[in-house]
Amino acid sequence: MESETLQQTNSAIIRRRPHIRVPGMNVTRLIRLGKQLKTMKREAFRRKYGNLFSLMEVDVPSLAITTLSQYYDSPLSWFTFQDFQLAPTLEEFEHILGSPLEGTTPYQHLEHHASITIIAAIMKLLPRELKDRLVAKNHVRGLTLEYLEQYLHHMADSEEWETFMDMLALTLYDIMLFPKIEDFVDYGAIDAFVAKKTRAENPVIAILADGTVDKNMGTEEWAHFFAGLNGGKIKWRPSWLRDRGFIHYCGNFPNIPLIGARYCINYNPTLVQRQFRHPMRGAPSSDYLTPLFIYCEDGGFTEKVREIRRAWGNVVRFKADERTKVINQEVNYHNWIAQRLKDIKLPFKSITGQLADERKFLNP
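In the UniProt record's numbering, the protein residues as written are 1 to 364.
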C-alpha cells in the first residue's frame, strides 16, 4: 500500500529507542581456516553441525539489523510494524541451520555448566591444560578467540581433522549463534556446543531463545525501508519452507516455551499465522500471549526450566491452530495492531486510511 506516510518517511521518524550495537563478526580468519576442509571433510562437517560453515560466509548487514531492532516488541519477542507483525519461526530456523527438530531432542539446558573434564576430552587436552587456558572476561569464564584460532591452526597442521571440526564448530557456536562478548567464547556457548556434541541435542530452540535482514544500504536508507514497510509488501511464506504441520504449543503452555543457553522465553505462533499461509481473522487472545522471560544461565528458576523441558516431551504440531479461543474474531486485527503501536511506541508514525483486504497479504 502506498500512502503519504511513505513519502514523508525520513530518519527523524525513528524515535529515540535504546541504542543497540551490532558488532561485526570476526570470521575472516575462521573462513580461511575452514577452507582447509576439502570436499569430503566439509560434507562430514555439514552432517555433524548443519549449515554452520555456509552461514559463516554470509555477509551480515549490521546496519539493517541495528535498524530492525528498533521495531522489536520485547514483551511478545516479536517485530511489530505499522500494520503487521513478523518473527523468525522455528521452522525457518530449522531450514536455515540445516537442523530439523523432528526426531531429535531439543536443547535441554542442564542445571550446571559442562565440566572441564568433558570439554578437555572433546578438545583432546588434559584437564589441567584446559584449566590454564580458561580466563574471565566481564565476570564470565571462557576461552579467547585468539587461543581457539591458534588451536585450530595446530589441529590443521597435525591433520587432526575430527578435533579440528569440533573446535571450528565450538568457535562458531559463540561467534555466530550465541554471541555475548566480542572475541570471547563463554560458557553459555560452550554448554550449547557440548549438548550437541555429547548428547545430540538440537540447538534450534536455544538459538531462537537467545537471539531473539541490499547490503549497501546506509542507515537512513534502512530507516526509510522499515518505516515504510507494510503487510502488502511481504512475501509471507518462503518457497523453500516445506508445507507441513507447524509446532503450535508444547505441553500445558499456551504457546511455545524456548530454553536457551542463557535465557528462557516464549514464542507465540498465534501471531505468525500469515507466515503459515493463514489469514489473521481477528485479534490474538491475551491468554495465549502470556510473556515468559527468565535468566537461567546461573542455575536459577530450576523448576520452571524443568517444566519447560517436560513440555517439549509433548509437542503439538498441525497445519492450522484448531483451538477455538486463540483468536478473538470480534476484535479486528488491524485495530488491535493500531492500539499496540500506541502502547509500545514503535518508531514510525501511524498510517491512516483504508488497509488492504486481508486476502492481499496471502501469497499463493
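For glycine and all other residues, C-beta sits at the position ideal for the given N, C-alpha and C.
inquiry  = Whole angstroms are fine: how far does the CA of Phe293 sit from the CA of Ala114?
reply    = Along the sequence shown, one-based indexing puts residue 114 at 114. Along the sequence shown, one-based indexing puts residue 293 at 293. Each residue's alpha carbon lies about 23 Å from the other.
ask   = By DSSP, does Phe93 sit in helix, in strand, or in coil?
value = Working through the sequence shown from its first residue, we reach residue 93 at position 93. Helix.
request  = With DSSP collapsed to three states, give me the class of Leu37.
outcome  = Residue numbering aside, residue 37 sits at position 37 when the sequence shown is read from its first letter. The answer is coil: DSSP assigns Leu37 none of H, G, I, E or B.
inquiry  = Would Phe81 and Tyr71 qualify as a contact pair, given that the criterion is a beta-carbon distance under 8 Å?
reply    = Within the sequence shown, the letter at position 81 stands for residue 81. Within the sequence shown, the letter at position 71 stands for residue 71. The answer is yes: Cβ separation under 8 Å.
request  = Taking only runs that begin and end inside the stretch 126-161, name each unbroken beta strand (DSSP E) of 3 or more residues, in chain order.
outcome  = 135-137, 140-144
message = Alpha carbons only, please: which of His334, Leu258, Leu125 is nearest the one belonging to His154?
response = On the sequence shown, position 154 is the one that residue 154 refers to. Taking only the C-alpha atoms, the option nearest His154 is Leu125.
DSSP beta-bridge partners of Leu170 = For this step, residue 170 is matched to residue 170 along the sequence shown. None; Leu170 has no bridge partner.
task = Buried or exposed for residue 389, please, with buried defined as at least 16 other CB atoms from any protein chain shown within 10 angstroms of its CB.
result = Outside the displayed span of the chain (1 to 364) sits residue 389, for which this structure offers no information.
ask   = Got a sec? Which residues, its chain only, sit under 6 Å from Leu289 by beta carbon, not counting five neighbours each side?
value = Locating residue 289 in the sequence shown gives position 289, counting from the first residue. Correct list, in chain order: Asn268.
ask   = Of all the beta strand (DSSP E) runs that stay within the bounds of the stretch 40-125, which reach a length of 3 or more residues?
value = 78-80
ask   = By Cβ distance, which residues of its chain are closer than 6 Å to Val272, with the 5 residues on each side in sequence left out?
value = To locate residue 272, count along the sequence shown from 1; it is residue 272. Hits under 6 Å: Ala87, Thr89.
ask   = From what residue to what residue does the beta strand (DSSP E) around Asp186 run?
value = Position 186 of the sequence shown holds residue 186. Bounds of the beta strand (DSSP E) holding Asp186 are 184-186.
ask   = Hey, His112 and Ile259 are a contact pair by Cβ (cut 8 Å); roughly how many whole angstroms apart?
value = As a working mapping, residue 112 is identified with position 112 in the sequence shown. As a working mapping, residue 259 is identified with position 259 in the sequence shown. At roughly 15 Å, the Cβ-Cβ gap does not stay under 8 Å, so His112 and Ile259 are not in contact.
message = Does the contact criterion of 3 or more C-beta pairs under 8 Å hold for the stretch 184-198 versus the stretch 56-67?
response = no
query = Among the residues of its own chain, which have a CB less than 6 Å from the CB of Trp312, if the five just before and after it don't count?
reply = Residue 312 sits at position 312 when you count from the first residue of the sequence shown. These residues qualify, in order along the chain: Pro106, Cys250.
task = Please determine, among Ala192, Asn138, Glu159, the residue with the shortest C-alpha to C-alpha distance to Ser49.
result = As a first step, residue 49 is located in the sequence shown; it is residue number 49 there, counting from the start. One detail in the question is off: residue 49 reads as Tyr in this sequence, not Ser. It is Ala192.
request  = Put Leu30 into one of helix, strand or coil per three-state DSSP.
outcome  = Residue mapping note: residue 30 aligns to position 30 of the sequence shown, counting from 1. DSSP places Leu30 in helix when its eight states are reduced to three.
ask   = Nearest to Glu297 by alpha carbon, out of Ala283, Arg199, Arg141?
value = Indexing the sequence shown from 1 puts residue 297 at position 297. Closest by alpha carbon: Arg141.
message = Suppose you measure from the CA of Asn254 to the CA of Asp287; what does that come to, to the nearest Å?
response = Mapped onto the sequence shown, residue 254 falls at position 254. Mapped onto the sequence shown, residue 287 falls at position 287. Checking the displayed sequence, the identity of residue 254 turns out to be Pro instead of Asn. Their Cα atoms are separated by approximately 8 Å.
task = For Glu303, count neighbouring Cβ atoms within 10 angstroms of its own Cβ and tell me buried if that reaches 16, exposed if not.
result = As a first step, residue 303 is located in the sequence shown; it is residue number 303 there, counting from the start. With fewer than 16 other Cβ atoms within 10 Å, it is exposed.
query = Starting from Ile344 and walking both ways along the alpha helix (DSSP H), at which residues does that stretch end?
reply = Along the sequence shown, one-based indexing puts residue 344 at 344. Ile344 -> alpha helix (DSSP H) spans 333-344.
ask   = At which residues does the beta strand (DSSP E) containing Val326 begin and terminate?
value = As a first step, residue 326 is located in the sequence shown; it is residue number 326 there, counting from the start. That residue, Val326, is in no beta strand (DSSP E); it is neither H nor E in DSSP.
task = Whole angstroms is fine: what's the gap from Val27's alpha carbon to Pro179's?
result = The count along the sequence shown starts at 1 and reaches residue 27 at position 27. The count along the sequence shown starts at 1 and reaches residue 179 at position 179. Each residue's Cα considered, the two are about 13 Å apart.
ask   = Got a sec? Which residues, its chain only, sit under 8 Å from Ile31 by beta carbon, not counting five neighbours each side?
value = Taking the first residue of the sequence shown as 1, we reach residue 31 at position 31. Closer than 8 Å at the Cβ level, and outside the excluded window around Ile31, lie Met56, Glu57.
task = Spatial neighbours of Lys137 within its chain, please: CB distance less than 6 Å, with the 5 preceding and 5 following residues excluded, ordered by chain position.
result = Mapped onto the sequence shown, residue 137 falls at position 137. Counting only Cβ-Cβ distances below 6 Å, and skipping sequence neighbours, we find Ile181, Phe184.
inquiry  = Let's test the definition: count the other Cβ atoms within 10 Å of the Cβ of His139 and tell me whether it reaches 16, buried, or not, exposed.
reply    = As a first step, residue 139 must be located in the sequence shown, where it is residue number 139. Exposed is the call here.
message = Strictly by DSSP, which residues pair up with Leu258?
response = Start at 1 with the first residue of the sequence shown, and residue 258 comes out as number 258. The partner list for Leu258 (beta bridge, DSSP) reads Ile265.
Option nearest Arg29 by Cα separation, candidates Glu94, Val316, Tyr151 = By one-based count along the sequence shown, residue 29 stands at place 29. Selected option, being the one with the closest Cα: Tyr151.
task = Check each candidate in Leu229, Met280, Ala200, Phe53 and name the one with the smallest Cα separation from Gly103.
result = Your numbering for residue 103 matches position 103 in the sequence shown. The shortest Cα separation from Gly103 among Leu229, Met280, Ala200, Phe53 belongs to Ala200.
query = Which residue or residues does DSSP assign as beta-bridge partners of Ala283?
reply = The residue labelled residue 283 in the question sits at position 283 within the sequence shown. BP columns for Ala283 point to Asn328.
query = Going by DSSP, what residues sit across from Cys250 in a beta bridge?
reply = For this step, residue 250 is matched to residue 250 along the sequence shown. DSSP output for Cys250 lists Val315 as bridge partner(s).
query = Among residues of its own chain, excluding the 5 on either side of Arg323, which ones have a beta-carbon nearer than 7 Å to its beta-carbon?
reply = By one-based count along the sequence shown, residue 323 stands at place 323. Residues of the same chain with their beta carbon placed closer than 7 Å to that of Arg323 are lacking, with the five preceding and five following residues left out of the count.
ask   = How far does the alpha helix (DSSP H) with Ile205 in it reach, from first residue to last?
value = In the sequence shown, residue 205 corresponds to position 205, counting from 1. Segment 204-211, the alpha helix (DSSP H) holding Ile205.
Cutoff 6 Å; reference Leu134; Cβ partners in own chain excluding five residues on either side = As a first step, residue 134 is located in the sequence shown; it is residue number 134 there, counting from the start. Closer than 6 Å at Cβ, skipping near neighbours: Arg141.
key: Residues near Glu307 in its chain [Cβ-Cβ closer than 7 Å; skip 5 each side]   = Position 307 of the sequence shown, counting from 1, holds the residue named residue 307. The answer is none, since no qualifying residue turns up.
inquiry  = As a quick exercise: from Pro203, Glu162, Glu94, pick the residue whose alpha carbon is nearest that of Gln36.
reply    = Stepping through the sequence shown from its first residue, residue 36 is reached at position 36. The candidate whose alpha carbon is nearest that of Gln36 is Glu162.
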